[in-house]
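Read through the structure below, which is laid out as structure tokens, and then see the notes.
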Amino acid sequence: MPENNEKEPQYKSILSDDDGTAPRPIRKKQRDPMAEVRREIEEQQRQQREKAELLKLRQGLIDESDEIPEDEPPKFEKPTGAKAVENFFYHYKWRLIGIIFTVALLTFMTIQAVTREKKDLYVLAISTTGSSGIYAKTHDIEVALERYCPDFDGNGKVHVGVNFIDLSTDGGYSEYTDAQNEKFSAELFSGDSQLYLTDEGIITLINRIAASGETEEAAAEEADGQIIQFFTDFSGEYPDAVLYDGCGLQLNTTGFVDEARWKSCPDTVGLYLRDTFENMMGNNEKTAEQRERARIVYENIINGNVVNPDWQGS
Numbered sequence: 118m119p120e121n122n123e124k125e126p127q128y129k130s131i132l133s134d135d136d137g138t139a140p141r142p143i144r145k146k147q148r149d150p151m152a153e154v155r156r157e158i159e160e161q162q163r164q165q166r167e168k169a170e171l172l173k174l175r176q177g178l179i180d181e182s183d184e185i186p187e188d189e190p191p192k193f194e195k196p197t198g199a200k201a202v203e204n205f206f207y208h209y210k211w212r213l214i215g216i217i218f219t220v221a222l223l224t225f226m227t228i229q230a231v232t233r234e235k236k237d238l239y240v241l242a243i244s245t246t247g248s249s250g251i252y253a254k255t256h257d258i259e260v261a262l263e264r265y266c267p268d269f270d271g272n273g274k275v276h277v278g279v280n281f282i283d284l285s286t287d288g289g290y291s292e293y294t295d296a297q298n299e300k301f302s303a304e305l306f307s308g309d310s311q312l313y314l315t316d317e318g319i320i321t322l323i324n325r326i327a328a329s330g331e332t333e334e335a336a337a338e339e340a341d342g343q344i345i346q347f348f349t350d351f352s353g354e355y356p357d358a359v360l361y362d363g364c365g366l367q368l369n370t371t372g373f374v375d376e377a378r379w380k381s382c383p384d385t386v387g388l389y390l391r392d393t394f395e396n397m398m399g400n401n402e403k404t405a406e407q408r409e410r411a412r413i414v415y416e417n418i419i420n421g422n423v424v425n426p427d428w429q430g431s
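Whatever position you read off the sequence shown (first residue = 1), add 117 for our numbering.
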């Protein structure tokens, strides 16, 4: 049998330095032009089958179908450890902040209510002019009042709460004066304080506030200088006392200025006891008790009855 001397054909590069050992060129696989068409046909057929199966499901002809894939809910990996804590705070941080703030506020209010010292008496110290000198003597006024004040609640301590309100308009009107006026109006209508240590200008201010909602006739009476009976008249009980309009006890005619170390107390500064006033609040049981306590202190000052002579303040 003749030998097969045929050799595999050599491919020679067109490059001039090719010695015939260059590798064969890689032939690129030809793309099937019908593959894309077949995929589109298969997709259309699949959609048609799903539509047909869906129609059967809606008509109740079949209960389930293998052609329609079931929508499975996405599966989430449950975080653990530090990731779980971080995830919790991320979702509930504002709710937690609100809860923490509310608890802190309630705790603070509870502590304040439990630990707050209850006062035997509440007094308003009011200045309608800068020359009254009341503000500078607020602490000494408090100590002096405590010397005339019995231990009403029986806890072994005497404490008079003095609340200063500045109603002076010497420097003109401002947000500060507006705030002080609102504070004064609130005190008038609440009746928390029944004893007033103030200057003569208080009468005009109270007349103005009390008559602001009255008729023109009431306003005319105020203009004529008639006093609305907001304070208790002591002229009948203490005819020898120096009283402004029968109700304001002139302090520098009493021993109070010695107890308060206030020799320079002006003639215009007096002590007033609030009376029951129908147009305002402050007529309930709590304020009635405060009014009775204030009356006792007021009469102690008139009579020079110092019940705590060695008291130096709390």
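Using N, Cα and C, we set each Cβ at its ideal position, and we do this for glycine too.
What is the C-beta distance between residue i and residue j, in whole angstroms, given that I count them as a contact (C-beta under 8 Å)?
{"i": "ASP287", "j": "THR246", "result": "7 Å"}
{"i": "LEU238", "j": "VAL414", "result": "6 Å"}
{"i": "TYR265", "j": "ASN422", "result": "7 Å"}
{"i": "ILE258", "j": "VAL279", "result": "6 Å"}
Should residue i go down as buried or exposed, given a rule of 16 or more other Cβ atoms within 10 Å for buried?
{"i": "LYS254", "result": "buried"}
{"i": "ARG212", "result": "exposed"}
{"i": "ASP341", "result": "In this prediction, ASP341 has a pLDDT of 46, which is less than 50 and means its spatial position is unreliable; nothing more can be read from the coordinates."}
{"i": "ASP283", "result": "buried"}
{"i": "GLN176", "result": "exposed"}
{"i": "PHE205", "result": "exposed"}
{"i": "SER244", "result": "buried"}
{"i": "PHE301", "result": "buried"}
{"i": "PHE218", "result": "exposed"}
{"i": "ALA475", "result": "There is no way to answer for residue 475, as the model of the chain reaches only from 118 to 431."}
{"i": "ARG391", "result": "buried"}
{"i": "THR371", "result": "buried"}
If I follow the unbroken alpha helix (DSSP H) through residue i, where does it start and stop?
{"i": "PHE281", "result": "That residue, PHE281, is in no alpha helix (DSSP H); its beta strand (DSSP E) goes 277 to 283."}
{"i": "LEU368", "result": "Looking at the DSSP string, LEU368 is not in any alpha helix (DSSP H), and its letter there is neither H nor E."}
{"i": "ASP295", "result": "292 to 307"}
{"i": "LEU262", "result": "255 to 265"}
{"i": "THR404", "result": "402 to 420"}
{"i": "ARG166", "result": "152 to 176"}
Let me make sure I understand the geometry here. Which of the options has the alpha-carbon closest to that of residue i?
{"i": "ASN272", "options": "HIS256, LYS236, VAL279 and SER248", "result": "LYS236"}
{"i": "GLN311", "options": "LEU241, LEU322 and ALA169", "result": "LEU241"}
{"i": "THR349", "options": "GLU160, GLU416, ASP257 and ASN369", "result": "GLU416"}
{"i": "LEU485", "options": "ASP309, PHE347 and SER307", "result": "Since the first and last residues shown for the chain are 118 and 431, residue 485 lies out of range."}
{"i": "LEU360", "options": "TYR389, TRP379, SER381 and ASP375", "result": "TYR389"}
{"i": "THR393", "options": "THR385, GLY289 and GLU406", "result": "GLU406"}
{"i": "THR385", "options": "TYR209, SER249 and MET151", "result": "SER249"}
Pull up the DSSP beta-bridge partners for residue i, would you.
{"i": "ALA109", "result": "With the chain covering 118 to 431 only, the question about residue 109 has no answer from this structure."}
{"i": "GLY387", "result": "THR315 and GLN367"}
{"i": "TYR361", "result": "GLY365"}
{"i": "PHE348", "result": "ARG391"}
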